[in-house]
Structure formats: structure tokens, C-alpha cells
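Asker: Quick mapping for you: the protein sequence lines, in order, are chains G and U. Our numbering puts the first residue of the first sequence at -3, with every later residue one more than the last. Our numbering puts the first residue of the second sequence at -3, with every later residue one more than the last. No residue lacks a Cβ here, since even glycine has one placed at the ideal position from N, Cα and C. Keep in mind that this is a model prediction, so the values were computed, not measured.
Protein chains: 2
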Amino acid sequence: MTDKQERILSCGLQLFAKNGYNATSTSQIAKAAEVSEGLIFRHFKSKEGLLHAILKEGQQKIDQLYANVINETEPKSVIKNFLQIPFLVPQTEYNFWKLLFALKWELDIDNSVNQKPINIVLTKAFEQLSYKEPDLEAAFLVNYLEGFTSAIVKGDGVPDSNLNAFLQRKYML
Amino acid sequence: MTDKQERILSCGLQLFAKNGYNATSTSQIAKAAEVSEGLIFRHFKSKEGLLHAILKEGQQKIDQLYANVINETEPKSVIKNFLQIPFLVPQTEYNFWKLLFALKWELDIDNSVNQKPINIVLTKAFEQLSYKEPDLEAAFLVNYLEGFTSAIVKGDGVPDSNLNAFLQRKYML
DNA sequence: TATTAATGAGTGAGTAATTACTTATTTTTA
DNA sequence: TAAAAATAAGTAATTACTCACTCATTAATA
Chain G
-3 MTDKQERILS
7 CGLQLFAKNG
17 YNATSTSQIA
27 KAAEVSEGLI
37 FRHFKSKEGL
47 LHAILKEGQQ
57 KIDQLYANVI
67 NETEPKSVIK
77 NFLQIPFLVP
87 QTEYNFWKLL
97 FALKWELDID
107 NSVNQKPINI
117 VLTKAFEQLS
127 YKEPDLEAAF
137 LVNYLEGFTS
147 AIVKGDGVPD
157 SNLNAFLQRK
167 YML
Chain U
-3 MTDKQERILS
7 CGLQLFAKNG
17 YNATSTSQIA
27 KAAEVSEGLI
37 FRHFKSKEGL
47 LHAILKEGQQ
57 KIDQLYANVI
67 NETEPKSVIK
77 NFLQIPFLVP
87 QTEYNFWKLL
97 FALKWELDID
107 NSVNQKPINI
117 VLTKAFEQLS
127 YKEPDLEAAF
137 LVNYLEGFTS
147 AIVKGDGVPD
157 SNLNAFLQRK
167 YML
């Protein structure tokens, strides 16, 4: 991975996140990365190739984030860690999350593959805590977190921890 | 409002919702509406002008949807009606909601203007029901509904009423 | 009432600029 | 010195938008 290659990835992420995939041209990326436009196509074949390279790089970070939930065994900690997810994202990675949310609508790139195992683990946790309808409890929280994450990534400020503290009380975590 | 004018609005909404604003060209819209491309600019001045005309037309439907919550006085009904919102959207209007969600990321057109009064009314409802932290209860549900609505509009199927029934039990509505 | 003037809807053929991408060539590196 | 990295200068296609024009209907005038 050369220096210019990294700059293309970085500037590509930045511009895609800020202005959207379709509204960002390869010439803009080249100019921002101080690189000839042709180099983008030499390294990534196409504009879409560049996008997927960017996504692949970020996927590791997502997996790492979800690992705290999936690898946890104690049911209360599963729920607690799940609700903590948005607070574990460093602000430097907000661009990547912004891009993910946008792509869900702009193209049909859906990242919900990772959400199925989360849902299962979460359901199991509520089950162990003797909740009457564990699957619906899980679905409820998953939808909440989607909305919450969307809001903080959109506003790109530090997430409000009051709501999280409130939920920890509510669910006695 | 002439027939062709209506066709431009309708096809514009359809294509913007399906493929995104930036990925839809005015020539595509003209072809779909069986209209000369120039007519779009005669009536709506610009591509962005067309977009805003489409949004203005749909805004009424949103206001109508939220009215059931804001005009309600009985606190339990406020919460109940709020949670009902996604089920009141006819499938014929899914395109419009899809467009709203996409625009939130693609351009910076935010529709959260309407959400502030909802939040206030919802907080007041929890207050009247003697919840200890009504503002956080409201924020929790607002985030949930954002995630839930996003999911059903994205999957454009009929929303699952199980989750809603579950919440009505949970909050004793 | 007959004629003229004015208006708005609609079209088709343009425009310059930008798009994603290619190719031939040069520079850098191992 | 051979291979890889990088560039400059292209390409055809598409973009949002404009222009000059026709046609039909309505309003004003003689």
C-alpha cells in the first residue's frame, strides 16, 4: 500500500461521506488526494472498485465493535454492551458510518448482515433474564439503536450519555 | 396544474426515490413522463426546483400524519397514536418516505422540524403518566420509531404489528 | 363582431461542462 | 534494468440547462 494509494482511500471516504457517492466525481477525489485521476483506476479499476475498497477497510472496525456484544456471555452485559456501541465509535470514524447510512439509501448496499447474529444474541440474553417476549424486546432495542446511531452520526456530535444511563436503569443492567 | 406537469412530478418522485436524486437525470424523468426535457425547466426552473415541488406536495401528508399525535389530549392516546404512525402510511406513499430518508443523507434536507413538537407532546404525556424521566422516555421512543420506520420503508413491506402490540402491552396503552 | 395582441404550454435541437474511464508515455523503485 | 507507480492527454457519453420556435387559448381593441 503506497502513500498515494492511502491518500486516495482517505479522500475518497471523506468526499463520499460528505457529498454522497454519486455526487462525488473521480476527478474531485484525485484533486483532493493530489494525485492524477488515472491512478485511481490503475489501483481500484473503477469508481465502484474504490468504494468497495473503502468499505472493506472499514468492515474490520465494524466487526471489532460488534465483537464485544457477540463474545459476551453474561446476559446483562450483552445488553449493556449493545447499548454502548455508539459510544465506542471514535469521532474519526464518523465519516465511515455516515457513508454506510447514506449507501443504504443511495445504492442498495445493506450492512444488515452483521445485525442478524446480534439480534440472536440479544434475544438469548433477554430469554436468560426471563423476559416474556425476548424476541420482541430484542427487536425493540435494535430499532432504537438504529435510530439513535443515525441521529448522532448525522449530527456528528458526541452522543448524549444521559439516554444511555437512563436505559441502564430501566433495564437494570 | 396540467396533466404533463403532474406526470413530471409523479415520475420525478418515483425515480428520485428509486435511484436517488443525484443518480436521476432530467432526461430520464422526461422520458418516463413522456414529455420534452425542456418542459421540466419551464415549469420548475431547475432540477432542484422540481425536487422542492415534489417535497412541498408531500409535506401536507406528513402534517396530517403527525396531527393525530399533536391534537390528542389523553396522554396514553398520545403515545399510542405516536407508535401507530408507521401503520398509517399507505403503501402508495412509501416512495415519498423513501425519498425523505435518502435526502437526509444525500443532500442536507432535514425534516426534523416536525419532530420537535412531537417530542414536546410526547414528553408531556409521559409526565402526566407520572413517569420519573419523561424527557428521556420520549427520546427513547422517538429514536425507536426512527429506526422502525426506516426499516419498514427500506424493506417496503407491510410493517410487523407484533412489535407494536408488544409495546402497547409494555406501556399499558 | 371580426381582428389583433398577448399569454402560457410545449417542443426539438442545441450548448458548454463534466462524467467515468483509457492509452501512451514517463518516472520511480527494487 | 525490469517492473511497478504515476502521469498527461486524451475518449465518447452524459449532464443540467438554454434557445428559438410553434400552437392553442384568452383578452383587448376597432
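1. Among the candidates U:L95, U:L61, U:L103, whose CA atom is the shortest distance from the CA of F186 of chain U?
2. Output the boundary residues of the alpha helix (DSSP H) element that contains K41 of chain U.
3. Taking 8 Å as the CB-CB limit, is N115 of chain G close to chain U?
4. Shortest alpha-carbon distance to I105 of chain G belongs to which of U:S23, U:K150, U:Y90?
5. Residues of chain G with a CB under 7 Å from the CB of A121 of chain U: which are they?
6. Is any beta-carbon of chain G found at less than 8 Å from that of Y140 of chain U?
7. Determine the contact status of L79 of chain U and N160 of chain U, defining contact as a CB-CB distance below 8 Å.
8. Would F144 of chain G and N158 of chain U be called neighbours here (beta carbons separated by less than 8 Å)?
9. Expressed to the nearest angstrom, what Euclidean distance is found between the alpha-carbon atoms of L35 of chain G and A98 of chain G?
10. For the region 1 to 18 of chain U, which residues have a CB atom closer than 7 Å to at least one CB atom of chain G, in sequence order?
11. Mapping DSSP to helix, strand and coil, what is A19 of chain G?
12. Say whether chain G places a C-beta atom closer than 8 Å to the C-beta of G143 of chain U.
13. Closer than 7 Å by C-beta to P113 of chain U: which residues in its own chain qualify, once you throw out the five before and the five after it? Chain order, please.
14. Can you say whether V154 of chain U is buried or exposed, counting buried as having 16 or more other CB atoms within 10 angstroms of its CB?
15. Could you check whether the Cβ of E102 of chain G sits closer than 8 Å to any Cβ belonging to chain U?
16. Nearest by alpha-carbon distance to P130 of chain G: which of U:A147, U:F162, U:F92, U:G45 is it?
Answerer: For this structure:
1. Past the edges of chain U, shown from -3 to 169, lies residue 186 of chain U, and the structure says nothing about it.
2. In the second sequence, residue 41 of chain U corresponds to position 45, counting from 1. Here K41 of chain U belongs to no alpha helix (DSSP H), and DSSP marks it neither H nor E.
3. The residue you call residue 115 of chain G lines up with position 119 of the first sequence. Closer than 8 Å: no.
4. Numbered from 1 along the first sequence, position 109 holds the residue referred to as residue 105 of chain G. It is U:K150 whose Cα lies nearest to the Cα of I105 of chain G.
5. Here residue 121 of chain U is taken as the residue at index 125 of the second sequence, counted from 1. Neighbours of A121 of chain U on chain G: none; closest Cβ ~17 Å, over 7 Å.
6. Counting from 1 along the second sequence, the entry for residue 140 of chain U is found at position 144. With 8 Å as the cut-off, Y140 of chain U counts as an interface residue toward chain G.
7. Counting from one through the second sequence, the residue named residue 79 of chain U turns up at place 83. Counting from one through the second sequence, the residue named residue 160 of chain U turns up at place 164. Taking 8 Å as the Cβ cut-off, L79 of chain U and N160 of chain U qualify as a contacting pair.
8. Within the first sequence, the letter at position 148 stands for residue 144 of chain G. Within the second sequence, the letter at position 162 stands for residue 158 of chain U. It is not a contact, given that the beta carbons lie outside the stated cut-off.
9. Looking up residue 35 of chain G in the first sequence gives position 39. Looking up residue 98 of chain G in the first sequence gives position 102. Taking the straight line joining both Cα atoms gives about 26 Å.
10. G16, N18
11. Taking the first residue of the first sequence as 1, we reach residue 19 of chain G at position 23. Of the three classes helix, strand and coil, the one that applies to A19 of chain G here is coil, per DSSP.
12. Counted from its first residue, the second sequence places residue 143 of chain U at position 147. Yes, contact with chain G.
13. Numbered from 1 along the second sequence, position 117 holds the residue referred to as residue 113 of chain U. Once the five neighbours on either side are set aside, the close Cβ partners of P113 of chain U are I66.
14. Numbered from 1 along the second sequence, position 158 holds the residue referred to as residue 154 of chain U. A residue is called buried when at least 16 other Cβ atoms come within 10 angstroms of its Cβ; V154 of chain U does not meet this threshold and is exposed.
15. Residue numbering aside, residue 102 of chain G sits at position 106 when the first sequence is read from its first letter. So yes, E102 of chain G belongs to the interface.
16. Working through the first sequence from its first residue, we reach residue 130 of chain G at position 134. Closest option to P130 of chain G, Cα to Cα, is U:F162.
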